[in-house]
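The first sequence begins at 215 in our numbering and counts up one residue at a time.
Quick reminder that beta carbons are idealized off the backbone N, C-alpha and C, glycines included.
Worksheet for the structure shown next.
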Amino acid sequence: MSERRVRTRFAPSPTGPLHMGGVRTALFTYLFAKKHGGDFLLRIEDTDQTRYVQGAEEYIIEALNWCGIHIDEGVNVGGKYAPYRQSERKASGIYQTYAQQLVEAGHAYYAFDTAEELEEMRAQLAAAKVAAPQYNSVTRQNMKNSVALSEDEVNKRLKAGDPYVIRLKVPRNEEIRFHDIIRGWVVVNSNQVDDKVLLKSDGMPTYHLAHIVDDHLMEITHAVRGEEWLPSAPAHILIYRYLGWEQTMPLYAHLPLLLKPDGNGKLSKRDGDRLGFPVFPLNWTDPATGEVSSGYREKGYFPEAFVNMLALLGWNPGTNQELFSMEELIEAFSFERVSKSGAKFDPEKTKWFNQQYLRKYPITEIADQFEETLEKHNVSANREYVEKACELLREKAHFVHEFWELGAYFFMAPDVFDEKVISKKWDDQARSFFKGLPDAMKKSGNSAIELEEGFKSYAESAGVKANSMLQLLRVLVTGAASGPALFDTIALIGKEESVNRVETAIQKLS
RNA sequence: GGCCCGUUCGUCUAGGGGUCUAGGACAUCUCCCUUUCACGGAGGAAACACGGGUUCGAUUCCCGUACGGGCUACCA
C-alpha cells in the first residue's frame, strides 16, 4: 500500500467561542500533520442551523491564528476541496446522495416518526425498564419507517412530502472493532449502537454522516477528536463500511478530555469566570447577551506560553524538557505519547509558563507591549529607556501588565513612600544621613557601580552601615520597598533625577 | 440505569516484569544567595485505588471491585 500524504482536519462547529480544550485538539491535530509533512485543514461543521452563533467562525480562525496554528486549507484560505463549510457543501447534494445510496443498499432507511412519537417510544421503554432505550434493530419494527411500513405506505408518504429522516440500519448482535491510535483496540457490540439519524428532516446531514463524507472526500488520513466521541465511533465505522470506504478510512485518535481544576468533570465555559482564569484563547462577547468571557490573549499571556502549556496537557515528550517552541513541538510530537486519562487544567502552571516566556521573549516585543500601557498612563519615554526598564522589570513579573504597578517609578517620581519601611527605619539617624547624601551622590559617576561605590564610601565617612540605609534609599527614590537591583534602578532613572527625588522625599517626609 | 473509556505525589506526568529505597515539573515548606521581592541554588514533605490471579518476582500483564469521567438528541 502506498503511503498517503498525511491530511488532518480540525472541524469545529460555530456554536460559540472555541474553548481551550478545542484549541488543544486543534493543536495536536496540527502538530501531527506538520510532523509528517502533511496538511492541516479547517472545516466548519455548521449542520445545526439552530445553534449557529454569529461571529463564532471568525473567532475560531482568529484564535488559531493567534496560537500560531496555520491552516493549509479551509474556509478562510480555500483549497482544492472547497467549499469547507458544510452548509455550503450541502448544496452539491453530496450528503443526500450518499444517504440515498445507503438506503438503496439496505443499510439505511426512511423514518417518519414525529418528535412526540419518539418521546413516547422512549418513555415506554423506560417504563418497561429496558436497559438501553433506543431506536434500534428491535424497536424499529414498531416505528413508522421503511423497515416496518409497507412499501406502498412508504411511497405514499414520500410522495405526499411527509417529513422524514434517514437512519442508519445498525445490524443486530455484531461485533464492531476498530483501532484507535491512542487507545488501541476498542470492541463494541452493535446492540449498543442505536440507529443514528444520518440525514435530518431539514435535509441537513448530522455530524455522523457529514464528517464521514467530508473526511473521505477531503482525503483525511487521521481523524483527531475528543474522547466524548468514542461511544459513537462504532457507528462511524459501520458507515464507512457500508459506503465502501473502509479501506481508506482515516485512523481515529480520541484525545483525553480536559478536566476542571477543582472537583471533577470536563472543563466548561462557566469554570473560567467562576475560578478566575480564562477558558478561552481570546475575549468573547456573546452576541445575544453581551456577556464577556475573558481570553488568554487579553489577560496578557503570550501565545507561545499558552500553546506550550496546552501541549503538555495530555502529552509529554518523554524527556524533562518543558519549554517548547512550535517547531520543537512539531518535531517531538507523537500520538504514542498522548495519555489516555483526562488532564486537570492547572491555572498556576500556566502562569509559570508565561513567566518563562517573559524571560525569553525579545525585549523589543516586550517593550512594544509595555509602551501601550505607558500610553494609557500618558507617559512617554524614549525607546531605549523603556527597553532598559523592561529588562529590569521582566525578572520580577509574570506578565507585562504587571510592569506598571511594579515600576511606574521609572517614569515618574513617587508620591507615596512605603509606609512599613518608613515607620520602621526613618529615624533621626536616617534623616541626617540622607540629608548629606545628595552632595555625595553628585560627586559620583553615573554608572550603577560608581553610584554604589559612592554610596558606600559616603556611608563609611558618615559612620553608618551602608546596608542599613539601602532599603530607605530605594523607598526615597522609588517609593517601593522592593524591586530590581537598586543601583541598576538608580542608574537607569539617572543620577540627577534620583538626587532630586531624594531631596523632595526628604521634604515630604519631614 | 445501560454502554464505553480511564485510575502513579495536591496538579501535570516519567515509568511498559527485576535498575523503583518510584524520576521530573508546578504548587508547598526549609535553607543559601539578595538591602528587598523575584530569579537562581540546595534540601524536605508528598503517589503506584483495592482485592485476586499469572510469575521466581509485579507500579508495570490478566480478572474483579471501587472510584472518576464520557456517551446515552432530527447537538456537535
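Can you tell me whether residue i is buried or exposed, with buried defined as 16 or more other CB within 10 angstroms of its CB?
i, result
"H284", "exposed"
"M626", "exposed"
"L457", "buried"
"E666", "buried"
"Q348", "buried"
"R219", "exposed"
"A270", "buried"
"W399", "exposed"
"T578", "exposed"
"L232", "buried"
"R715", "buried"
"E259", "buried"
"A313", "buried"
"Q300", "buried"
"P475", "exposed"
"E217", "exposed"
"A177", "The question about residue 177 has no answer here: the residues shown for the chain are numbered 215 through 724."
"E674", "exposed"
"L245", "buried"
"V411", "buried"
"P228", "buried"
"S507", "buried"
"H168", "Because the chain here runs from 215 to 724, residue 168 falls outside it and cannot be looked at."
"P464", "buried"
"N596", "exposed"
"S351", "buried"
"E562", "exposed"
"I426", "buried"
With a CB to CB cut of under 7 Å and the five nearest residues on each side skipped, what residues in its chain are close to residue i?
i, result
"A719", "F631, L690"
"V368", "Y324, S360"
"D376", "F326"
"W618", "T587, H591"
"P698", "L606, L607, E609, K610"
"I311", "What sits at residue 311 in the sequence shown is Thr, not Ile. Closer than 7 Å at the Cβ level, and outside the excluded window around T311, lies no residue."
"Y623", "T692, G693, A694"
"W459", "H430"
"V237", "A277, C281, P495, L524"
For residue i, which residues in the same chain have their Cβ closer than 8 Å to its Cβ, ignoring the five residues on either side in sequence?
i, result
"G479", "L473"
"V600", "A581, F584, E585, L588"
"Q263", "S301, D416, M418"
"D487", "S507, S508"
Quick one: what's got a C-beta closer than 6 Å to residue i's C-beta in the same chain, skipping five residues either side?
i, result
"A467", "I395, I396, V438, F549"
"F547", "L245, K249"
"I274", "P226, L232"
Tell me, please, which residues DSSP counts as bridged to residue i.
i, result
"L465", "H436"
"Y324", "I380"
"T222", "F254, H436"
"G236", "DSSP, once it has assigned bridges, lists no residue as partnering G236."
"A399", "It should be noted that the sequence gives Trp, not Ala, for residue 399. Paired residues: H393."
"F559", "None; F559 has no bridge partner."
"W529", "V552"
"E287", "L255"
"K294", "None, per the DSSP bridge assignment."
"G509", "F494"
"R573", "BP columns for R573 are empty, so no partner."
"L473", "K480, K558"
"R299", "I258"
"N359", "A325"
"T499", "V506"
Since residue i and residue j are thought to touch, with beta carbons under 8 Å apart, how far apart are those beta carbons, to the nearest angstrom?
i, j, result
"P501", "R511", "That belief does not hold up - the Cβ atoms of P501 and R511 are roughly 19 Å apart, past 8 Å."
"V384", "D408", "7 Å"
"G230", "L471", "Not confirmed; about 18 Å, so no contact."
Which stretch, first to last residue, makes up the alpha helix (DSSP H) that contains residue i?
i, result
"G668", "662-676"
"V635", "633-639"
"V614", "Unbroken run through V614: none, as it is neither H nor E."
"T718", "709-723"
"N596", "It is not in any alpha helix (DSSP H) - N596 carries neither H nor E in the DSSP assignment."
"R455", "447-457"
"D428", "421-431"
"S646", "642-657"
"W443", "No alpha helix (DSSP H) contains W443, which DSSP labels as neither H nor E."
"E272", "270-281"
"K370", "365-373"
"Y266", "Y266 -> no alpha helix (DSSP H), and no H or E assigned at all."
"N534", "First-last for N534: undefined, no H or E at that position."
Between which two residues does the beta strand (DSSP E) harbouring residue i extend?
i, result
"V411", "411-413"
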